[in-house]
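Chemist:
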Amino acid sequence: MISQHYKEMCATPSVIRSLAVYAAERGKEIGYENVFDYSLGNPSVPVPQAFNDAIRHLLDTKTSAQAHGYSPNPGNPEVRRIVADSLNRRFGMDYKMEHIFMTSAAASAIAHALRCVTAPGDEVLTFAPFFPEYVPYINQSGAVLKVVPADTESFQINFTAFEEMLNPKVQAVLINTPNNPSGIAYSSETLKKLADVLYAKQEEYGHEIFLLSDEPYREIVFAGADAPFVSKFYDNTLCCYSWSKSLSIPGERIGYVAVNPKAKDAEMIVPMCVQISRGIGHNCPASIIQQAVGECIDLTSDLGVYETNMNILYKELTELGFSVVKPGGTFYIFPKALEEDAVAFCEKAKKYDLILVPSDSFGVKGYFRMAYCIDTEKVERSLPALREFVTKEYR
């Protein structure tokens, strides 16, 4: 018989994806240019020309086996070396090739890192608001996700609740900075305090607590934001990265796990990831895409448009009376809804062809997320609809 577990999951699809489907269907009726779709975090800025050129060059100069054959299970050795050198140069770290494991983007990186440091029944803590897919990522590994309530004043870490929830069953803490959905970057002060708490609890419990740092938005940081490299603060950190947002290549599914060289048993983590791959069907990402990101290691797309869009929306939202913490990065903004029921609020917005994501699945009630990775021209055209929505429905 088919799996009852996955059959039941079919009844609760992703809210974000469901709204994106609705927006696409509505677009067929009125033209997608007239649907102000803030649902899905799909990068809108073009891929750097250098990335496309790198793929063409690889196709022209590599043998078929070099371009399209299997890479070694941990990933292409030269690309792993390039990644380590880049991290060391940019952040003052001491990675070697042996600390880098190539993955199919950040989701795969988290899947591997999580299984390296937990066993079934262990607890993993994360902080609201959080990316909803953390629930299946963690619970389907056999570990148990526990969510620390949000600090809605700043969307930094609610340390009082965090320390209350820490216990000897906690083997890992999963963070996402800059954060989806809030757009907030954890500050140096926050990360230092987090590290101090974890060091103290490791000593108290007599076992390591690993910090899994989900970093697909690391390069999308706005002026004045304090967004340091997480692994600088805490030795037992596994960095989970994706080029999906920085190079605008989410469909290429490419990222890595970077094991802090100072972590406990650091030399064993990448070989363990290789063994984990055997059980989850990973078996290394596409060879030519690994090589292409190696050719473009310190490049990004033109990410400045996201800060432009954020400033436009932040100004409009605050002028309309929304309470919102100004983002420090990403391409998300997370205002407080104008009624307690965020689902009802977002449903009303649909009447004005505004597609907003209610906050319930992010672990916070009464807020909504806008993914402003759309053309600036469309952001500006959405403002009259936003004003009409607020005026007619709430004033």
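Numbering-wise, the sequence shown is residues -3 to 391 according to this note's numbering. Ideal Cβ positions, reconstructed from N, Cα and C, are used throughout, including at glycine.
Can you give me the Cβ contacts of F87 inside the same chain, cut-off strictly under 7 angstroms, excluding the 5 residues immediately before and after it?
Modeler: F225, K228, listed in sequence order.
Chemist: Pick out the complete beta strand (DSSP E) segments inside the stretch 182 to 265, 3 residues or longer, and give them in chain order.
Modeler: Those beta strand (DSSP E) runs which fall completely within the stretch 182 to 265 and span 3+ residues are 206 to 210, 233 to 238, 251 to 255.
Chemist: Does the distance from the C-beta atom of K142 to that of E204 stay below 7 angstroms?
Modeler: No, the Cβ-Cβ distance between K142 and E204 is not below 7 angstroms.
Chemist: Give me the Cα-Cα distance between Q45 and L243, rounded to the nearest whole angstrom.
Modeler: Cα to Cα, the separation comes out at about 10 angstroms.
Chemist: In the DSSP assignment, find the unbroken alpha helix (DSSP H) run with E119 in it and report its ends.
Modeler: Here E119 belongs to no alpha helix (DSSP H); instead the beta strand (DSSP E) covers 119 to 123.
Chemist: Does the count of Cβ pairs from the stretch 291 to 305 and the stretch 141 to 155 closer than 8 angstroms reach three?
Modeler: Contact fails: fewer than three Cβ-Cβ distances are below 8 angstroms.
Chemist: Would you kindly report the start and end of the unbroken beta strand (DSSP E) that includes V169?
Modeler: Segment 166 to 172, the beta strand (DSSP E) holding V169.
Chemist: What are the residues that DSSP puts in a beta bridge with G325?
Modeler: Its beta-bridge partners are V217.
Chemist: Determine the DSSP secondary structure at K142, reduced to helix, strand or coil.
Modeler: Reduced to three states, the DSSP call for K142 is strand.
Chemist: Which residues share a DSSP beta bridge with V353?
Modeler: V353 is bridged to R365.
Chemist: Nearest by alpha-carbon distance to T33: which of V386, R391, L382, P73 is it?
Modeler: Checking the sequence shown, residue 33 turns out to be Asp, not Thr. Selected option, being the one with the closest Cα: L382.
Chemist: Give me the residue from F206, S178, K388, T186 with the minimum Cα distance to P354.
Modeler: Checked all of F206, S178, K388, T186; the closest Cα to P354 is S178.
Chemist: DSSP three-state call for M(-3): helix, strand or coil?
Modeler: Residue state, collapsed to three classes: coil.
Chemist: Taking the straight line between their C-alpha atoms, what separation do you get for K388 and E315?
Modeler: K388 and E315: Cα-Cα distance of roughly 16 angstroms.
Chemist: What three-state label does DSSP hand M89 in the structure shown?
Modeler: Here M89 sits in coil by DSSP.
Chemist: Beta-carbon within less than 6 angstroms of A105's beta-carbon, same chain only, minus the 5 sequence neighbours each way: which residues are those?
Modeler: Cβ neighbours of A105 beyond the five flanking positions: T99, C236, G251, V253.
Chemist: So, for I272: in the same chain, excluding its five sequence neighbours on each side, which residues have a beta-carbon less than 6 angstroms away from its beta-carbon?
Modeler: Once the five neighbours on either side are set aside, the close Cβ partners of I272 are H108, R111.
Chemist: Does the beta-carbon of I12 have 16 or more other beta-carbons within 10 angstroms, so that it is buried, or is it exposed?
Modeler: The residue in question, I12, is buried, as its Cβ has 16 or more Cβ neighbours within 10 Å.
Chemist: Can you look up F155 in the DSSP assignment and give me helix, strand or coil?
Modeler: Residue state, collapsed to three classes: helix.
Chemist: Pull up the CB-CB distance for Y18 and I351, whole angstroms please, since I reckon it's below 8 angstroms.
Modeler: That belief holds up - the Cβ atoms of Y18 and I351 are roughly 7 angstroms apart, short of 8 angstroms.
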